[in-house]
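In the numbering used here, each number is its position in the sequence shown, counted from 1, plus 23.
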Amino acid sequence: MKAITKVQAWTVTNGIVENATVVVDGGKIVSVQSGGAVPEGAEVIDGTGKILTPGFIDAHVHAGICEEAVPGAMNAVNEDTGAVTPSVRAVDGINPSDEAFRNALSAGITCMQILPGSANIIGGIGAILKPVGHIVDKMVVRAHSGMKAALGENPVNWQGGKGRFPSTRMGNAACMRKAIQDAFDYRDKKKRAEEKGEHFSIDQGMEHFLPVLDRTVPMRIHSHRADDICTAIRICDEFGLRYTIEHCTEGQFIADYLAEKEIRAAVGPTATSKTKEEVRNKGWETLLALKKAGVSFCLITDHPVIPIETLPVAAALAIRAGLDAETALEALTIAPARHLEVDDRMGSIEPGKDADLVLWGGDPFDVRNAPELVLVDGESAL
Numbered sequence: 024m025k026a027i028t029k030v031q032a033w034t035v036t037n038g039i040v041e042n043a044t045v046v047v048d049g050g051k052i053v054s055v056q057s058g059g060a061v062p063e064g065a066e067v068i069d070g071t072g073k074i075l076t077p078g079f080i081d082a083h084v085h086a087g088i089c090e091e092a093v094p095g096a097m098n099a100v101n102e103d104t105g106a107v108t109p110s111v112r113a114v115d116g117i118n119p120s121d122e123a124f125r126n127a128l129s130a131g132i133t134c135m136q137i138l139p140g141s142a143n144i145i146g147g148i149g150a151i152l153k154p155v156g157h158i159v160d161k162m163v164v165r166a167h168s169g170m171k172a173a174l175g176e177n178p179v180n181w182q183g184g185k186g187r188f189p190s191t192r193m194g195n196a197a198c199m200r201k202a203i204q205d206a207f208d209y210r211d212k213k214k215r216a217e218e219k220g221e222h223f224s225i226d227q228g229m230e231h232f233l234p235v236l237d238r239t240v241p242m243r244i245h246s247h248r249a250d251d252i253c254t255a256i257r258i259c260d261e262f263g264l265r266y267t268i269e270h271c272t273e274g275q276f277i278a279d280y281l282a283e284k285e286i287r288a289a290v291g292p293t294a295t296s297k298t299k300e301e302v303r304n305k306g307w308e309t310l311l312a313l314k315k316a317g318v319s320f321c322l323i324t325d326h327p328v329i330p331i332e333t334l335p336v337a338a339a340l341a342i343r344a345g346l347d348a349e350t351a352l353e354a355l356t357i358a359p360a361r362h363l364e365v366d367d368r369m370g371s372i373e374p375g376k377d378a379d380l381v382l383w384g385g386d387p388f389d390v391r392n393a394p395e396l397v398l399v400d401g402e403s404a405l
């Protein structure tokens, strides 16, 4: 049991608690009280003059698959054998020894979603994990966090550039529709075989699609340009699927529509150069427009596109561009937790949630400040 005392607790969902005592035990937050008593036998961590936040969450990275200092084919995040590869699982390609996990902790990041890349229309399933440990299976929070999909330039260039279908945006949409329809057909055939007691050959890729069809997990669709975002919405609505928009670079042009559709967007990486045509309108104004329209969004690094440890820097730059600090904090905590559907466990400082906490000597959005203590499940991780 630990008690962090006399700290300013930025709870996210219940405001700022001054002179707080935050008690953690068994990997969970037990209590958050102003001037609260320290339980007998608890290890006391003096938080005088310090700020306590929930651990930050990066909802879209490729850490552990795209490893630091590992070039070429052994660093591939795309299964480059076809446009539709739903059998691929991110969890099977993660190296827990990747330096990115230590770098994440150094920035106060205690949870992340690792996804396959965006070269394929259907790229495989993502995983949510905490960056602590040496065995992926023990790091995982959720091994199937959604089906990664992609629209826009990446699949066109990657697939069409190799003489494969699709080679146009029209082809992208057609390919995605076929993949989803194939999954529905598979489910129907499996159900009929089970009802008749007949043998049925299992397809692992189609099995990964079943939770998407059942709306247990969402499609997570890479889409930068406004028209690609609208195509993602159109297709998922046609099939009645849940989905998130990953990147949402031109979201400012259709912010009201995204609000109408109750979209959850993972925005970024914004602190990059404009490396391709579809991100030519990239800028911090996206966040301001989404905020004004009431769209739920979180900030992402897309590591290694920008290093995962720069996530708080991205938030600071967004604040400099006009985003209010409260929303910026939410975009690193409760918003990504909701995006990943783990907000029952993390994203705020509340009793019953995982004790993923970061102690700062000063404002977390002053990039001169680094975490002084990082707790993951109540244990020191930094």
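C-beta atoms are modelled at their ideal positions from N, C-alpha and C, and glycine is treated no differently.
Whole angstroms is fine: what's the gap from residue i's alpha carbon to residue j's?
i    : j    : result
L346 : G317 : 13 Å
K214 : D208 : 10 Å
E285 : G220 : 42 Å
P139 : N37  : 35 Å
I27  : D386 : 18 Å
I74  : H222 : 60 Å
A294 : I329 : 7 Å
R210 : R200 : 15 Å
S110 : D103 : 13 Å
S224 : H231 : 14 Å
G116 : K376 : 29 Å
I342 : T254 : 31 Å
N42  : L382 : 14 Å
D237 : A393 : 42 Å
P178 : R287 : 23 Å
L352 : P327 : 22 Å
I80  : M193 : 34 Å
D389 : T350 : 16 Å
M24  : G58  : 18 Å
G263 : E218 : 25 Å
A32  : G72  : 11 Å
Could you have a look at residue i and say whether DSSP puts it in helix, strand or coil?
i    : result
R287 : strand
G186 : coil
T133 : strand
G147 : strand
R391 : coil
D160 : helix
F79  : strand
R257 : helix
H222 : coil
T336 : Note on identity: in this sequence residue 336 is Val, with Thr being the wrong assignment. Of the three classes helix, strand and coil, the one that applies to V336 here is helix, per DSSP.
R165 : strand
I88  : coil
D121 : coil
V235 : helix
I277 : helix
W307 : coil
Is the beta carbon of residue i sitting closer than 8 Å to the one on residue j?
i    : j    : result
I52  : A378 : yes
I137 : L396 : no
E301 : R248 : yes
V46  : A65  : yes
A197 : I145 : no
K305 : K297 : yes
V155 : A404 : yes
E91  : A127 : no
I244 : A172 : yes
H270 : A282 : no
V35  : T356 : yes
V114 : A166 : yes
N118 : G70  : no
T272 : P241 : no
A360 : G370 : yes
G169 : G149 : yes
G50  : D400 : yes
N101 : A142 : yes
K153 : T133 : yes
D260 : L174 : no
In the DSSP output, what is residue i paired with across the bridge?
i    : result
V47  : K25 and I52
D69  : T28
C321 : A289
S57  : A43
M170 : I148 and M242
T267 : R243
S403 : L398
W33  : I39
R112 : I148
L380 : P77 and L398
V107 : I145
Kindly give me the distance between the Cβ atoms of residue i and residue j, rounded to whole angstroms, as I take these residues to be in contact under 8 Å.
i    : j    : result
G186 : G131 : About 45 Å; that fails the 8 Å criterion.
Q204 : A106 : Going by Cβ atoms, the distance from Q204 to A106 rounds to 15 Å, so no, they are not a contact pair.
S319 : A358 : 6 Å
V55  : E373 : 7 Å
A338 : L363 : With a Cβ gap of about 18 Å, A338 and L363 do not count as contacting.
Tell me whether residue i, by its Cβ, gets closer than 7 Å to a heavy atom of the ligand GDP.
i    : result
M170 : Ligands displayed in this structure: none; no statement on the ligand GDP is therefore possible.
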